[in-house]
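In UniProt numbering, the protein residues as written are 1 to 538. Beta carbons are placed, not taken as given, at the ideal position from N, Cα and C, and that holds for glycine. No experiment lies behind these values; they were computed from the predicted model shown.
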């Protein structure tokens, strides 16, 4: 009996279990949610397990077919597991999200794009077909040619049309290395022009950018190669002694480009290191974690605390601490023409740098694509602007800041990714998205016992508590310490690896070094004396 056969039989059993549970909720007309076991979303997570169906054990790779260049996987297979399974065949999925722990199902359901998406579109565009349990317990398949309305509707609908249990993903030939060219840009307009220029070059397979300030940034273009170009330095990003990608990119800009007569430099990165280059530090979210805890941000502290700043660990701490409700986390795509206007707006109103620029090709008008002249086209190119950083700590001010960003998004014909914070009212939300089509799909496929996408993505919670206890609990850095302790207690760190466990021993000592600073800040914060300043990454 082959491994593939056993895996397939086990998959059928898991799927039948889920179908039976779904049918039970459907017969009782009882609402339910899907529990995936992990998340790369920054939205608040509700967990009433009596009203949940778990797919946390759907973690198997069912088949890799090198000839057809496909991978058939369960939805909770992570990006890292998928890459590790396909690279031995010399293959890789055309779109791989930059965090190791993002799942295939999350990529399909959550509108996920990466630096290859200017060629291939967002992740759901490389999905050939899905197996999905409908809201009445029926198991069906959906693709571009079979139940096509369900296939297109489920993409980017955040699991609100059914329970996806199997996904077939396209694969392409992989190189051993990524050759990267870093090109300096000195304005948002220049960044857009540089992206357009690289897009026209067929040799370029990966493309994104970082703006370190309004007038300083890099556009980073990549192509896969099997052998490094002679003389090109090789840089890695996955080990604790390796640099964080954005820190290294900034050093390239400041020390190599500015000290030479050239506007660009080239280096080589092993393919897996490139694909997950932002996993350590969660882009630059880890920088804010250091600053939140008054910890120095340098090579030594990043080395010692490496276990705590991988994305999976940081997301756990973010949710456990409640700090997700204090950080602006927005990914918004804009037509090329309005991208500079949005960056100008951010510079004036928020000054949150760096910003991530990721060009995307959108291939079809799905139900959760904004209604408007731009998004009715068969395909459209946009630039996703990643905006991540601390916002106002007052709850009402935090909501107001996010709503202002959403209003500017609408004004500039932007496309907001809904995996992050959304603060629309119901009329505002459905003024943007096609409610009639979406609701018709939910009725047709019996999905009304699942939460709607509006219910899942909006974050207009109650105002913050003003009691002394609540203010004490939410004081900086108490929230962050609580989140870190939850990571330790919850077993989210690799304790078995002694060399990686070094930071577990040293972390308390490092925290003690900053105890005095914490006490001073604690008193200021509790008394309401601490103001907010615009944040720049150093």
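Would you kindly work out how many angstroms separate the C-alpha atoms of residue 7 and residue 62, rounded to a whole number?
-> In the chain shown, the residue the question calls residue 7 occupies position 7. In the chain shown, the residue the question calls residue 62 occupies position 62. Residue 7 and residue 62: Cα-Cα distance of roughly 6 Å.
Which residues bound the alpha helix (DSSP H) around residue 17?
-> As a working mapping, residue 17 is identified with position 17 in the chain shown. Counting along the chain, the alpha helix (DSSP H) containing residue 17 begins and ends at 3-28.
What residue does the beta strand (DSSP E) around residue 331 start on, and which one ends it?
-> Residue 331 sits at position 331 when you count from the first residue of the chain shown. 327-335 is the span of the beta strand (DSSP E), which, as asked, contains residue 331.
Would you say residue 415 and residue 333 are within 7 Å of each other, going by their C-beta atoms?
-> Your numbering for residue 415 matches position 415 in the chain shown. Your numbering for residue 333 matches position 333 in the chain shown. For the 7 Å CB-CB criterion, residue 415 and residue 333 form a contact.
Starting from the C-beta of residue 226, find all residues in its chain whose C-beta is less than 6 Å away, skip the five residues before and the five after it, and write them out in chain order.
-> As a first step, residue 226 must be located in the chain shown, where it is residue number 226. For residue 226, where only same-chain residues beyond five positions count, the Cβ hits under 6 Å are 175 and 176.
Might you give, ordered along the chain, the residues of its own chain that have their beta carbon closer than 8 Å to the beta carbon of residue 172, omitting 5 neighbours on each side?
-> Stepping through the chain shown from its first residue, residue 172 is reached at position 172. Once the five neighbours on either side are set aside, the close Cβ partners of residue 172 are 69, 91, 92, 93 and 94.
Can you tell which of 78, 33, 206 and 166 has its C-alpha closest to the C-alpha of residue 179?
-> Here the question's residue 179 lines up with position 179 in the chain shown. It is 206.
Three-way DSSP call (helix, strand, coil) for residue 512 in this model | Sequence index remark: in the chain shown, residue 512 carries index 512 (1-based). Confidence at residue 512 is low in this model, with a pLDDT of 46, below 50, so its placement is unreliable and the value that follows should be read with caution. Three-state DSSP puts residue 512 in a helix.
Drop a sphere of 10 angstroms on the beta-carbon of residue 340, count the other beta-carbons inside from all chains shown, and report buried for 16 or more, exposed for fewer.
-> Locating residue 340 in the chain shown gives position 340, counting from the first residue. Residue 340 should be labelled buried.
Ignore the nearest five residues each way along the sequence and tell me which others in residue 15's own chain have a CB closer than 8 Å to its CB.
-> For the purposes of this step, residue 15 is taken as the residue at position 15 of the chain shown. These residues qualify, in order along the chain: 131, 133, 139, 165 and 166.
Going by DSSP, what residues sit across from residue 130 in a beta bridge?
-> Position 130 of the chain shown holds residue 130. For residue 130, which the question treats as bridged, DSSP gives the partners 142 and 167.
Can you give the beta carbon distance from residue 408 to residue 353, rounded, assuming they're within the 8 Å contact cut?
-> For the purposes of this step, residue 408 is identified with residue 408 of the chain shown, where counting begins at 1. For the purposes of this step, residue 353 is identified with residue 353 of the chain shown, where counting begins at 1. Between residue 353 and residue 408 the Cβ distance is about 17 Å, and since that is not below 8 Å, they are no contact.
State the Cα-Cα distance for the pair residue 258 and residue 285, rounded to the nearest angstrom.
-> Start at 1 with the first residue of the chain shown, and residue 258 comes out as number 258. Start at 1 with the first residue of the chain shown, and residue 285 comes out as number 285. Cα-Cα distance, rounded: 26 Å.
Reduced DSSP category for residue 194 - H, G, I as helix; E, B as strand; rest coil = Here residue 194 refers to the residue found at position 194 when the chain shown is read from its first residue. DSSP places residue 194 within a helical segment (H, G or I) once states are collapsed to three.
Endpoints, alpha helix (DSSP H) assigned at residue 425 = As a position in the chain shown, residue 425 is number 425, starting the count at 1. Per DSSP, residue 425 belongs to no alpha helix (DSSP H) and is neither H nor E.
Among 53, 33, 302 and 153, which residue has its Cα nearest to the Cα of residue 238?
-> The residue labelled residue 238 in the question sits at position 238 within the chain shown. Looking at the Cα atoms, 302 is the closest of the given residues.
Looking only at its own chain, which residues have a Cβ that is under 6 Å from the Cβ of residue 509, when we skip the five neighbours before and after it?
-> Within the chain shown, residue 509 is the residue found at index 509, counting from 1. For residue 509, the predicted structure reports a pLDDT of 45, less than 50, and the residue's modelled location is therefore unreliable. A value from the coordinates is still provided. So no residue of the chain qualifies.
With a 10 Å radius around its C-beta and 16 neighbouring C-beta atoms as the bar for buried, classify residue 145 as buried or exposed.
-> As a first step, residue 145 must be located in the chain shown, where it is residue number 145. Burial call: exposed.
Flag this pair as yes or no: are the beta carbons of residue 386 and residue 328 separated by less than 7 Å?
-> Stepping through the chain shown from its first residue, residue 386 is reached at position 386. Stepping through the chain shown from its first residue, residue 328 is reached at position 328. Result no, Cβ atoms of residue 386 and residue 328 do not sit closer than 7 Å.
Touch check for the stretch 422-429 and the stretch 111-122: three-plus C-beta pairs under 8 Å?
-> With a cut-off of 8 Å, the stretch 111-122 and the stretch 422-429 do not count as touching, because too few Cβ pairs lie within range.
What is the DSSP secondary structure of residue 430, counted as helix, strand or coil?
-> Numbered from 1 along the chain shown, position 430 holds the residue referred to as residue 430. Looking at residue 430 - three-state DSSP - the assignment turns out to be helix.
Does the distance from the CB of residue 296 to the CB of residue 268 come in under 7 Å?
-> Looking up residue 296 in the chain shown gives position 296. Looking up residue 268 in the chain shown gives position 268. Not in contact: residue 296 and residue 268 (Cβ atoms no closer than 7 Å).
Is residue 93 helix, strand or coil by DSSP?
-> Within the chain shown, numbered from 1, the residue matching residue 93 stands at position 93. Three-state DSSP puts residue 93 in coil, outside helix and strand.
By a C-beta neighbour count over all protein chains shown, 10 Å radius and 16 as the cutoff for buried, is residue 323 buried or exposed?
-> For the purposes of this step, residue 323 is identified with residue 323 of the chain shown, where counting begins at 1. When all chains shown are included, residue 323 counts as buried.
Kindly list the residues whose CB is nearer than 8 Å to the CB of residue 514, restricted to its own chain and excluding five residues on each side of it in sequence; keep chain order.
-> As a working note, residue 514 is residue 514 in the chain shown. Below a pLDDT of 50, predicted positions are generally treated as unreliable, and residue 514, at 44, falls in that range; the measurement from the model is reported next regardless. Here the set comprises 293, 294 and 295.
With 16 as the cutoff for other CB atoms within 10 Å, does residue 263 come out buried or exposed?
-> Within the chain shown, numbered from 1, the residue matching residue 263 stands at position 263. By the neighbour-count criterion, in which 16 or more other beta carbons inside 10 Å mark a residue as buried, residue 263 falls on the exposed side.
Three-state secondary structure assigned by DSSP to residue 109 = For the purposes of this step, residue 109 is identified with residue 109 of the chain shown, where counting begins at 1. Residue state, collapsed to three classes: helix.
According to the neighbour-count rule (16 or more other Cβ atoms, all chains shown, within 10 Å of its Cβ), is residue 433 buried or exposed?
-> As a position in the chain shown, residue 433 is number 433, starting the count at 1. Buried, by the Cβ-count rule.
Beta-carbon proximity list for residue 233, same chain, < 8 Å, skipping 5 on both sides = As a position in the chain shown, residue 233 is number 233, starting the count at 1. The residues are 267 and 268.
Are the CB atoms of residue 280 and residue 248 nearer to each other than 7 Å?
-> In the chain shown, counting from the first residue as 1, residue 280 sits at position 280. In the chain shown, counting from the first residue as 1, residue 248 sits at position 248. In this structure, residue 248 does not lie closer than 7 Å to residue 280 by Cβ.
Buried or exposed by the 16-neighbour rule on C-beta atoms within 10 Å, applied to residue 201 = Here the question's residue 201 lines up with position 201 in the chain shown. By the neighbour-count rule (16 or more Cβ atoms within 10 Å), residue 201 is not buried but exposed.
Evaluate contact between the stretch 185-193 and the stretch 216-225, counting only Cβ atoms and requiring at least three cross-stretch pairs below 8 Å.
-> yes
Cβ-Cβ distance between residue 358 and residue 208 below 7 Å = Along the chain shown, one-based indexing puts residue 358 at 358. Along the chain shown, one-based indexing puts residue 208 at 208. In this structure, residue 208 lies closer than 7 Å to residue 358 by Cβ.
Bridge-paired residues (DSSP) for residue 35 | Translated into positions along the chain shown, residue 35 becomes position 35. 54.
Is the beta carbon of residue 153 less than 7 Å from the beta carbon of residue 441?
-> Working through the chain shown from its first residue, we reach residue 153 at position 153. Working through the chain shown from its first residue, we reach residue 441 at position 441. The beta carbons of residue 153 and residue 441 sit closer together than 7 Å.
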